[in-house]
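Numbering (full-length UniProt numbering), first residue to last: 1 to 379.
To start, the structure under review is shown below, and the notes come after it.
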Ligand code: PHE
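In structure tokens:
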């Protein structure tokens with residue numbers, strides 16, 4: 001036990017002791033597991049969701065905990081790498097004995113962990129993975145975010161109706177389940193609504209040179225290009241598109257959301273659009289209160305959507321633990337499945353029969369290096 005704690009503290013620095021600061025002897029605490037990309041290619045995803053998660057736990061513990069117990073969080077870094085989610089989630093379940101798992105942001109990594117949670121009968125809640133296959137893994141897998149058939153349709157309608165784009169090119173990361181799924185749902189929605197897909201090209205997440213594909217896309221003369229990627233790749237794609245004179249709106253989904261998108265992409269990401277889960281500048285009391293406490297906790301940093309979803313995932317779990325009157329896995333699972341109305345920072349959530357959250361999306365535009373709220377789209 002002692003060795004294990006030393007190991008965790010060693011690997012996570014002082015974060016855990018600083019934030020959870022509660023009785024670690026077991027018995028009096030409810031141990032929750034979290035796996036996140038704290039380092040590596042999508043480090044901002046994991047860092048943000050982790051910070052939101054910690055903030056919620058801190059608030060709940062300060063208010064007396066749950067059913068008389070304090071919450072304790074055990075976090076593992078999967079380094080944004082395939083193969084790691086399975087390792088760390090196995091460890092959280094078998095060695096640490098967590099009662100539930102929170103994670104991941106990226107769909108491919110949630111898909112890797114979900115079968116392990118399902119086989120062990122440990123509820124898993126992904127804060128932000130939007131690929132439908134994640135919850136299809138089994139009845140112990142939940143999410144607090146919408147799914148990509150919805151997100152793809154939202155952007156298809158936006159392209160057609162708001163941007164008046166009739167011909168669109170789609171540029172997909174074939175290494176990512178998220179990207180492949182979102183590309184497919186966008187194309188279905190766009191063609192069904194009367195639009196035309198004039199070019200379809202692929203890249204591999206982590207590539208550095210996209211000029212060949214972007215040249216081919218340019219020659220198809222699209223009115224807009226849909227790029228369902230993650231921010232590191234998207235920033236480079238936007239830069240190279242601009243260099244090639246591909247001057248049409250570039251549009252994408254939640255994977256674009258990171259301060260790094262603007263930091264890396266600079267002027268090349270200006271004016272473009274993406275859909276996501278919440279807008280920090282939306283005028284709702286729940287959002288404002290969250291943004292204020294997050295800024296207080298993290299030196300004035302404005303929470304992105306992963307931070308909000310990580311925060312929501314904890315309250316969602318705790319709401320179910322209360323209704324289940326404990327953490328017995330089958331009862332907890334039933335309580336999670338029975339969530340009919342949950343008031344999250346990212347909007348009102350109802351869990352449907354597929355254990356997915358039915359809720360609204362927002363569309364943002366990158367304006368003067370900031371994410372500007374354009375509209376909310378209801379399901
Ligand atoms: N929805 C993305 C996925 O499923 C993850 C993501 C969520 C990325 C929110 C950014 C913001 O892979």
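Note that the Cβ used here is the ideal one computed from N, Cα and C, for glycine as well.
When distances are taken from the beta-carbon of residue 105 to the heavy atoms of ligand 1, the shortest one is below 7 Å.
With a contact defined as Cβ atoms closer than 8 Å, residue 180 and residue 172 qualify at about 6 Å. Between the alpha carbons of residue 104 and residue 357 lies a gap of roughly 16 Å. Between residue 321 and residue 332, the gap from beta carbon to beta carbon is short of 8 Å. Annotated as proximal: residue 231 and residue 256, with beta-carbon spacing under 8 Å. Under the three-pair Cβ rule at 8 Å, the segment 337 to 357 counts as touching the segment 310 to 320. DSSP lists 274 as the beta-bridge partner residues of residue 252. Here residue 196 has 166, 167 as same chain residues with Cβ atoms under 7 Å from its own Cβ, once five neighbours each way along the sequence are excluded. Residue 194 holds the alpha-carbon nearest to the alpha-carbon of residue 161 among 150, 182, 194, 135. CA-to-CA, the gap between residue 370 and residue 258 works out to about 10 Å. If the five residues before and after residue 85 are omitted, its C-beta is found closer than 7 Å to the C-beta atoms of 35, 78, 104, 109, 112, 113, all from its own chain and listed in chain order.
For the segment 257 to 337, the full-length beta strand (DSSP E) segments reaching 3 residues or more read 273 to 276 along the chain.
Rounded to whole angstroms, the gap between the alpha carbons of residue 54 and residue 312 is 11 Å. Considering only 218, 323, 296, the residue with the shortest C-alpha distance to residue 339 is 323. In the three-state reduction of the DSSP assignment, residue 96 falls in the helix class. In this structure, ligand 1 has no non-hydrogen atom nearer than 7 Å to the beta-carbon of residue 153. Contact between residue 41 and residue 80 holds, since their C-beta atoms are separated by about 4 Å, short of 8 Å.
In the DSSP assignment, residue 109 falls within the unbroken alpha helix (DSSP H) covering 107 to 120.
Comparing alpha carbon positions, the residue from 278, 366, 96 closest to residue 128 is 278. In the three-state scheme derived from DSSP, where H, G and I count as helix and E and B as strand, residue 38 is classed as coil. In the DSSP assignment, residue 167 falls within the unbroken beta strand (DSSP E) covering 167 to 173.
DSSP places residue 141 inside the beta strand (DSSP E), whose first and last residues are 141 to 143. In the structure shown, the three-state DSSP call for residue 186 is helix.
In the DSSP assignment, residue 354 forms no beta bridge with any residue.
Relative to the Cα of residue 280, the nearest Cα in the group 87, 138, 365, 252 belongs to 365.
Distances from the CA of residue 206 to each of 229, 186, 182 were compared; the closest alpha carbon is that of 229.
About 15 Å separates the beta carbon of residue 217 from that of residue 236, a gap too long to meet the 8 Å contact definition.
With a beta-carbon spacing of about 5 Å, residue 170 and residue 200 fall inside the 8 Å limit used to define contacts.
A distance below 8 Å between beta-carbons, with the five flanking residues on each side excluded, links residue 378 to the following residues of its chain, in chain order: 360. The beta carbons of residue 97 and residue 31 sit about 7 Å from each other, so the pair counts as a contact at 8 Å. Note that the C-beta distance between residue 214 and residue 241 is below 8 Å. Judged by DSSP secondary structure, residue 225 falls within the beta strand (DSSP E) whose first and last residues are 224 to 226.
Not a single heavy atom of ligand 1 lies less than 7 Å from the C-beta of residue 311. In this structure, the alpha-carbon of residue 39 lies about 19 Å from that of residue 254.
The nearest non-hydrogen atom of ligand 1 is less than 7 Å from the C-beta of residue 257. A residue is called buried once 16 or more other Cβ atoms fall within 10 Å of its Cβ, and residue 267, having fewer, is exposed.
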